[in-house]
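See below for the structure under consideration.
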Amino acid sequence: MAKVNTIMCICPAGLGSSLILSMNVEKVLEKLGRTDIVVKHSSLGDTYNGCADLLVVSADVYDQVKQYAPTVAIHNLINKDHIYEVLKQYFDENPDA
Amino acid sequence: MVGKMYIKDILKPENVEIIESVTDWKDAIIKGTRKLIEGGFITHEYTEAIIANALKFNAYFVLCPGIALLHASSNDGVNETQLSLTYVKEPFRFEGKEEDVNLLIGMAASEGNDHMEAIKQIAIILSDNENMKKALNPQTAEELYDLFTSIDIL
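Those protein sequences? They're chains A and B, same order as listed.
Take the first sequence: its letter number 6 is residue 6 in our numbering, and every next letter is one higher.
Take the second sequence: its letter number 57 is residue 154 in our numbering, and every next letter is one higher.
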């Protein structure tokens, strides 16, 4: 498992849900001490193999993107505690990430 | 408009409303975007694009229990960046989702990232529990408008 340098948040439109999620992911990464990671947001149409080291997406689009990169699903885009738990679990399970 | 757009720059009081109910989730998308169509900020194609996306991907725009950010892409029929708020008293559900939804944030974002500041503000407002309670149970449209526009500029 390679080190995570980039995270991309995806939603079909690429400018609403993905944007809110990317903002909250950035805040959570600060708390996790991973401000080295660059967070971007984009649309489904702009997703491709290796577009990021980790995809953080709404659970609704998980199946659409999981083939492009390691992906974690978020169920509540506003709840930073939930996002924190999901990301922390990922980094705990992938210590090299 | 040039420069950063904050919520108060792109939300008009007349585009904040409280309605009793919707017949189903498609009706919710139609009612949640009609103010933007009436104001000329979007075309009806934008509304149809949101419905099409919801059919294709489930209602990915449900941010959290209670709140949906209705939006599609800039080139789906956006004339001008603008927000609207529609509070539906009777909760309903989008197909494939388990959460009850009451608040519909209609969002039209034209090309570029002008709407980013407003989205940041929305995220900040909704991260506060008291605000969330008010957003999900406003007594008047004015109260809802004030909740979203009285946040300090970042």
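Note that beta-carbon positions come from the ideal geometry of N, C-alpha and C, so glycine has one too.
Note that the structure is a prediction, hence the values are computed from the model and not measured.
CB contact below 9 Å: Pro37(A) versus chain B | Note that residue 37(A) is Ile in the sequence shown, not Pro. It does not; no Cβ of chain B falls within 9 Å.
Minimum length 3: unbroken beta strand (DSSP E) runs contained in the stretch 8-72 of chain A | 38-43, 54-58
Taking any Cβ of chain B, which residues in the stretch 46-74 of chain A have a Cβ under 8 Å from it, in chain order?
-> Ser58, Asp60, Val61, Gln64
At which residues does the alpha helix (DSSP H) containing Phe81(B) begin and terminate?
-> Outside the modelled stretch of chain B, which goes from 98 to 251, sits residue 81(B), for which no answer is possible.
Since Phe189(B) sits in a beta bridge, which residues does DSSP pair it with?
-> Beta-bridge partners assigned by DSSP to Phe189(B): Val198(B).
What is the C-beta distance between Ile164(B) and Ala232(B), in whole angstroms, given that I count them as a contact (C-beta under 8 Å)?
-> 7 Å
Report yes if the C-beta distance between Pro12(A) and Asn150(B) is below 9 Å; otherwise report no.
-> For Pro12(A) and Asn150(B), yes; Cβs fall inside 9 Å.
Under 9 Å between C-beta atoms, does Met102(B) make it to chain A?
-> no
For Leu21(A), I'd like the list of residues in its chain whose CB is within less than 6 Å of its CB, leaving aside the five on either flank, ordered along the chain.
-> Cys9, Leu77
Going by the CB atoms, is the gap between Leu166(B) and Ile219(B) shorter than 9 Å?
-> Result yes, Cβ atoms of Ile219(B) and Leu166(B) sit closer than 9 Å.
Return the chain-ordered list of same chain residues with a C-beta closer than 8 Å to the C-beta of Ser43(A), the five sequence neighbours on each side being excluded.
-> Ile10, Cys11, Pro12, Ala13, Gly14, Leu15, Ser18
Where does His48(B) land, buried or exposed, given buried means 16+ other C-beta within 10 angstroms?
-> No answer is possible for residue 48(B): it lies beyond the span of chain B, which begins at 98 and ends at 251.
Using DSSP with H/G/I as helix, E/B as strand and the rest coil, what is Met213(B)?
-> Secondary structure of Met213(B) (DSSP, three-state): helix.
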